[in-house]
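The listed protein sequences derive, respectively, from chains A and B.
Count along the first sequence from 1, then add 273; that gives the number in the numbering used here.
Count along the second sequence from 1, then add 248; that gives the number in the numbering used here.
Idealized CB from N, CA, C, for every residue including glycine.
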Amino acid sequence: MSIEQNHIDKLFQDAFANFDAKPSSNVWKGIITDAFDQNFRDSFSEFNEEPSPLVWTAIAAEYDFDINVQESFDEFGVNPPPRMWKAISSQMAFDESLNDAFQDYEVNPAPEVWENITSEAVDSRFKSVFSKFETEPREENWEKIRRAVPVNLFLRNSLNQLSKIAAILVVGLFLAFLVNYSGLFSGTNSGSLEIANSNNTIPSDIKSPPVKLEVVQPVHKEINSVAGIEEDVDEIVGTSIIEEDVDEIVSVDIIDNWSTKTSNTNNNTIHANIASYPKDKFVSPITPTIVQQSTIHSSALAVVETSEVKTAIKPSISKVVPQIEKIKVLDKLPSKEDVQLASANNNQLIDVNQLVAYDVNSVKSKHNPANYLLTSLAGAGSDIDAEMVKVKNSLVSRTDSKRALKMLNYRGVYVMVSGQYSNTWVINDDVKSKLSGLVQADYMMDFGGSFGAGLGIQISPRFGLEAQWNYSKLNQRYRELIPEGFYINSETSLTYSSFPVLARVQVTRVKNNRPNPMTSSLVLGMQYRYLRSASIKSEVEFSDPKELFLSQELGVVLGWDYSMHLNPNTFLTIGARAGVGADIHNLSSLSSESNYNAEFGLRMAVNYKISR
Amino acid sequence: MAEVLVYGLTEKEIIAGCIAGRRDSQEMFYKFYSPKMFGICLRYANDYHSAEDILQEGFIKVFNNISKFRGEGSFEGWVKRIFINTAIEYYRKAVNHNGHSELDRASFQHINEVAVENLATQDLLKLIQKLSPGYQTVFNMYVIDGFAHKEIAVKLGISEGTSKSQLARARAILQKMIQGYRR
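Next comes the structure, spelled out in structure tokens:
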């Protein structure tokens with residue numbers, strides 16, 4: 274140890290030789306707390322206290338209970354209910370079976386899954402490439418096409434339309450031929466005049482006028498002093514009076530040839546506008562007498578005397594008609610009969626019942642009054658000619674045939690059976706499109722028909738209602754135009770149950786002077802149909818053709834019928850029918866979707882009156 | 249304003265000329281539509297010459313029937329429809345002559361190794377033309393021309409199921425052929 278170190282040590286020893294410091298009060302507290310604790314420890318080190326006997330009792334009791342319970346359940350066993358095991362075992366079995374079943378379970382997905390996944394790419398690639406794919410063909414293709422396309426293409430296209438027009442004309446001409454051939458409208462250029470009365474009383478003393486045929490030719494024009502107009506004046510160049518035996522007057526059907534007649538005074542005759550009647554229009558129960566050289570309205574005539582002849586000039590209508598209206602029909606016309614005539618120039622109806630006495634001396638009561646009336650009308654001057662004589666409602670009622678009247682005026686119920694042969698059109702552009710193979714197919718004329726039965730009620734002689742059921746067959750053919758020509762490749766055939774309800778309005782009575790009187794009627798009404806079956810003959814297969822056509826159809830029917838009364842109970846009806854119908858739920862399909870059915874046909878029905 | 253098709257003439261004017269049977273209108277019509285329609289013909293035909301036959305037949309039908317076009321819808325669609333119908337008829341004739349051996353012609357030629365995405369139009373056309381007529385027609389109608397199976401069935405006179413199955417087979421064959429290209 275060095276001297277320096279001893280020196281330092283000495284310094285520290287001196288500094289702390291008298292050093293002291295007062296400890297904190299806590300130091301003392303700690304010292305006395307420890308002493309307190311020690312005292313308690315010493316006091317309780319030998320501490321011992323006997324517990325209460327109850328304590329032991331309680332402990333022993335508790336102990337014994339536990340021992341008892343323990344001993345009691347040492348051998349305790351209870352079998353669980355069988356269902357417990359069953360449930361457990363089945364659950365285990367189920368789990369095991371499922372486990373086994375799906376342990377190696379694998380299912381291949383449907384082929385189309387992968388196919389769809391992969392084909393999408395292929396499809397889209399092909400589609401994208403070919404949707405706009407264009408390529409120029411070789412030049413010679415046009416040459417081949419040009420040579421193959423006919424030069425008269427326009428004419429060829431027009432033929433299609435012309436053929437349709439021609440078909441309509443042919444049908445029209447055929448019907449016109451039928452009408453003319455049957456004579457249904459013969460002599461109707463002046464209208465039809467029928468004579469019939471409602472109470473079937475026939476004047477027994479009515480005779481027919483004689484038939485007078487005269488050959489006249491125009492000579493010169495003269496001034497009609499009455500009408501004040503220039504007109505042709507005819508000169509008689511020859512006169513013949515034809516008398517013939519006829520059987521019975523039943524009517525004046527047609528008056529078709531009016532002419533101004535003249536005569537000279539040598540034979541004391543004034544022929545004023547006497548009609549030349551076709552002789553077959555007159556029949557009389559009495560052998561006619563020699564023609565009387567007078568006419569019913571001579572007083573209405575103006576006579577122009579020339580150097581050679583006296584000419585009877587047509588009087589004016591204003592002069593004649595009032596006289597007509599004064600006619601008193603002495604031939605016992607029934608006072609209440611519905612006789613009506615139309616005046617020629619103004620279609621004014623004249624009720625014969627209102628006519629009063631007319632130049633009795635001129636009226637030959639034994640002549641047919643209707644004849645007189647018409648003759649007078651015709652004699653009324655330039656305003657009247659044959660074509661202007663229009664007889665309203667076809668009827669002047671007066672007939673000699675009670676039998677015919679009974680037939681014609683029938684009111685009551687009748688039944689019918691009918692058949693119809695039709696040109697049918699099943700217009701369905703959807704089907705047509707499906708049937709189109711090479712090119713768009715065309716509709717082609719086809720025929721169908723129907724038959725059925727019905728019930729009618731004649732409410733009045735002129736008006737009746739009919740309800741029918743018909744089994745209808747509608748056919749439609751299609752054709753495709755190919756370069757080599759036309760050919761038919763498909764046909765549709767539909768059967769419907771048709772229920773027309775029709776109103777029948779008798780328009781005119783024709784030939785009511787015959788043993789079998791006839792009437793013509795306008796028929797108009799509605800028709801409901803429902804589809805029974807459908808078939809398509811085509812190269813194209815249809816799974817359910819019925820779905821393609823109108824299942825329920827509503828349409829209109831228009832027709833014209835001629836009815837011939839065979840006997841008081843039976844009449845035969847022949848007529849034409851046209852009908853068109855569209856979807857009952859969408860009637861606009863007629864135009865908007867070109868989906869409708871139509872037929873045009875000839876119909877025949879036999880009707881039997883069941884009322885008395 | 250009506251769209252001018254060719255030589256300053258509108259579609260309507262060309263159609264009117266064709267209806268009237270004018271040669272110049274027909275030729276203009278041909279020049280305008282022949283590339284598009286020949287594309288269709290090539291798709292439906294098995295070879296170039298057959299496609300030309302269909303093209304000629306199709307145009308003849310168009311000219312003969314152009315007056316029947318009612319102006320409803322697209323005229324090009326109407327023309328296209330005639331060509332497709334003509335092609336279908338071609339298919340029918342082919343089936344009648346060759347029978348229904350649909351898989352006979354599914355032979356695969358490995359032309360080159362490119363993916364379907366990289367196949368040229370002419371290559372794809374060759375693939376389509378390798379299909380038998382039935383598969384080819386159904387594939388064309390369904391995939392490219394957008395017909396439904398129901399329409400295809402009606403047009404081809406087959407059942408809807410047949411149409412579906414033929415399409416599936418056509419796709420399978422095309423896929424195999426495309427795989428062949430890849431290898």
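Any beta carbon from chain B within less than 8 Å of Asn381(A)'s own beta carbon?
Numbered from 1 along the first sequence, position 108 holds the residue referred to as residue 381(A). With 8 Å as the cut-off, Asn381(A) does not count as an interface residue toward chain B.
Against chain B, with Cβ distances strictly below 8 Å, would Val402(A) count as a contact?
The residue labelled residue 402(A) in the question sits at position 129 within the first sequence. For Val402(A), the answer is yes, since a Cβ of chain B falls inside 8 Å of its Cβ.
So the candidates are Asp295(B), Asn313(B), Val310(B) and Cys289(B); which of them puts its Cα closest to the Cα of Asn302(B)?
In the second sequence, the residue the question calls residue 302(B) occupies position 54. It should be pointed out that residue 302(B) corresponds to Ile in this sequence rather than to Asn. Among Asp295(B), Asn313(B), Val310(B) and Cys289(B), the Cα nearest to that of Ile302(B) belongs to Cys289(B).
One or two residues paired with Leu804(A) in a DSSP bridge:
On the first sequence, position 531 is the one that residue 804(A) refers to. Paired residues: Tyr769(A).
By the 9 Å beta-carbon criterion, what residues does the segment 404-422 of chain A contribute toward chain B?
Ser404, Lys405, Phe406, Glu407, Thr408, Glu409, Pro410, Arg411, Glu413, Asn414, Trp415, Lys417, Ile418, Arg419, Ala421 and Val422
If you measure beta-carbon to beta-carbon, which residues of the segment 357-373 of chain A are closer than 8 Å to chain B?
none
Nonlocal neighbours in the same chain, by C-beta distance under 7 Å from Asn341(A), ignoring five residues either side:
Within the first sequence, the letter at position 68 stands for residue 341(A). Same-chain partners within the cutoff: there are none.
So Val774(A) and Gly798(A) are supposed to be a Cβ contact under 8 Å. How far apart are they, rounded?
For the purposes of this step, residue 774(A) is taken as the residue at position 501 of the first sequence. For the purposes of this step, residue 798(A) is taken as the residue at position 525 of the first sequence. Indeed, because the Cβ distance is near 5 Å, the residues count as touching under 8 Å.
Interface flag, Phe822(A) vs chain B, CB-CB below 8 Å:
One-based indexing of the first sequence puts residue 822(A) at position 549. Cβ-Cβ to chain B under 8 Å: no for Phe822(A).
Between the segment 400-410 of chain A and the segment 257-272 of chain B, do three or more beta carbon pairs fall short of 8 Å?
no
Pair within 8 Å by beta-carbon distance, Leu860(A) and Thr792(A)
Locating residue 860(A) in the first sequence gives position 587, counting from the first residue. Locating residue 792(A) in the first sequence gives position 519, counting from the first residue. No.
Residues that Val829(A) bridges to, as DSSP identifies them:
On the first sequence, residue 829(A) is found 556 positions in, with the first residue counted as 1. Looking at the DSSP assignment, Val829(A) forms a beta bridge with Met799(A) and Val853(A).
What is the DSSP secondary structure of Lys810(A), counted as helix, strand or coil?
Counted from its first residue, the first sequence places residue 810(A) at position 537. Strand, per DSSP.
Assigned exposure category for Gln304(B) - 16 Cβ within 10 Å defines buried
For the purposes of this step, residue 304(B) is taken as the residue at position 56 of the second sequence. Buried, because 16 or more other Cβ atoms sit within 10 Å of the Cβ of Gln304(B).
Inspect the CB distances between the segment 682-700 of chain A and the segment 736-753 of chain A and report whether three or more fall short of 8 Å.
yes
Can you find the residues in the same chain that come closer than 8 Å, C-beta to C-beta, to Ser285(B), ignoring five residues on each side of it along the sequence?
Position 37 of the second sequence holds residue 285(B). Rather than Ser, the amino acid found at residue 285(B) in this sequence is Met. Only Leu303, Gly306, Phe307, Val327, Lys328 and Phe331 meet the Cβ criterion.
Chain-ordered chain B contacts of Lys707(A) [CB-CB under 9 Å]
As a first step, residue 707(A) is located in the first sequence; it is residue number 434 there, counting from the start. Residues of chain B passing the Cβ test: Glu399, Val402 and Lys403.
Residues of chain B with CB under 9 Å from Val395(A), in chain order?
Residue numbering aside, residue 395(A) sits at position 122 when the first sequence is read from its first letter. Per Cβ cutoff of 9 Å: Val364, Val391, Arg419, Leu422, Gln423 and Ile426.
Using a Cβ-Cβ distance under 8 Å, would Gly287(B) count as near chain A?
The residue you call residue 287(B) lines up with position 39 of the second sequence. By this cut-off, Gly287(B) is an interface position.
With a cut-off of 8 Å, do at least 3 Cβ pairs link the segment 840-860 of chain A to the segment 870-877 of chain A?
yes
So with CB distances below 8 Å, who are the chain A contacts of Glu275(B)?
Counting from 1 along the second sequence, the entry for residue 275(B) is found at position 27. Neighbours of Glu275(B) on chain A, chain order: Trp415 and Arg419.
Just mark Phe389(B) as buried or exposed, buried being the case when its beta carbon has 16 or more other beta carbons within 10 Å.
Indexing the second sequence from 1 puts residue 389(B) at position 141. In the sequence on display, residue 389(B) carries Met and not Phe. Met389(B) comes out buried.
Is the beta carbon of Gly721(A) less than 8 Å from the beta carbon of Glu814(A)?
The residue you call residue 721(A) lines up with position 448 of the first sequence. The residue you call residue 814(A) lines up with position 541 of the first sequence. Contact flag unset, no.
Which chain B residues sit within Cβ distance under 7 Å of Phe399(A)?
Within the first sequence, the letter at position 126 stands for residue 399(A). Near Phe399(A) (Cβ distances below 7 Å), the residues of chain B are Leu372, Val391 and Ile392.
Contact set between Tyr278(B) and chain A, taken where Cβ atoms lie within less than 8 Å:
Translated into the one-based positions of the second sequence, residue 278(B) becomes position 30. Near Tyr278(B) (Cβ distances below 8 Å), the residues of chain A are Trp415 and Ile418.
Compare the C-beta of Phe356(B) with all C-beta atoms of chain A and state if any pair is closer than 8 Å.
For the purposes of this step, residue 356(B) is taken as residue 108 along the second sequence, with counting starting at 1. Per-residue confidence for Phe356(B) stands at a pLDDT of 36, beneath the threshold of 50, marking its modelled position as unreliable; the derived number appears in the next sentence. No, Phe356(B) does not count as interfacial toward chain A.
Local conformation of Phe406(A) per DSSP, three classes
Numbered from its first residue, the first sequence carries residue 406(A) at position 133. Three-state result, Phe406(A): coil.
Where do the ends of the beta strand (DSSP E) carrying Asn870(A) lie?
Position 597 of the first sequence holds residue 870(A). Taken as a continuous stretch (DSSP letters only), the beta strand (DSSP E) holding Asn870(A) covers Asn868 to Lys882.
Taking only beta-carbon atoms, is Thr385(B) less than 8 Å away from chain A?
Within the second sequence, residue 385(B) is the residue found at index 137, counting from 1. False, the Cβ-Cβ gap to chain A never drops below 8 Å.
Is the Cβ of Glu261(B) closer than 8 Å to any Cβ of chain A?
In the second sequence, counting from the first residue as 1, residue 261(B) sits at position 13. So no, Glu261(B) is outside the interface.
Within-8 Å CB hit, Thr369(B) to chain A:
For the purposes of this step, residue 369(B) is taken as the residue at position 121 of the second sequence. Answer yes: the Cβ-Cβ gap between Thr369(B) and chain A drops below 8 Å somewhere.
Where does the unbroken beta strand (DSSP E) through Tyr296(B) begin, and where does it stop?
Against the second sequence, residue 296(B) aligns to sequence position 48. Taken as a continuous stretch (DSSP letters only), Tyr296(B) belongs to no beta strand (DSSP E), being part of the alpha helix (DSSP H) at Tyr296 to Asn313.
Taking a contact to mean a Cβ-Cβ separation below 8 Å, would you say Lys746(A) touches Ser723(A) in this structure?
On the first sequence, position 473 is the one that residue 746(A) refers to. On the first sequence, position 450 is the one that residue 723(A) refers to. Yes, they are a contact pair.
Using beta carbons (cut-off 8 Å, strictly below), is Lys328(B) in contact with chain A?
Position 80 of the second sequence holds residue 328(B). Taking Cβ atoms only, chain A never reaches closer than 8 Å to Lys328(B), which makes this a no.
Separation of Arg735(A) from Arg777(A), as counted between CA atoms:
As a first step, residue 777(A) is located in the first sequence; it is residue number 504 there, counting from the start. As a first step, residue 735(A) is located in the first sequence; it is residue number 462 there, counting from the start. Whole-angstrom Cα-Cα distance: 8 Å.
Interface residues of chain A facing Lys284(B) [CB-CB closer than 7 Å]
Numbered from its first residue, the second sequence carries residue 284(B) at position 36. By Cβ distance, chain A contributes Glu407.
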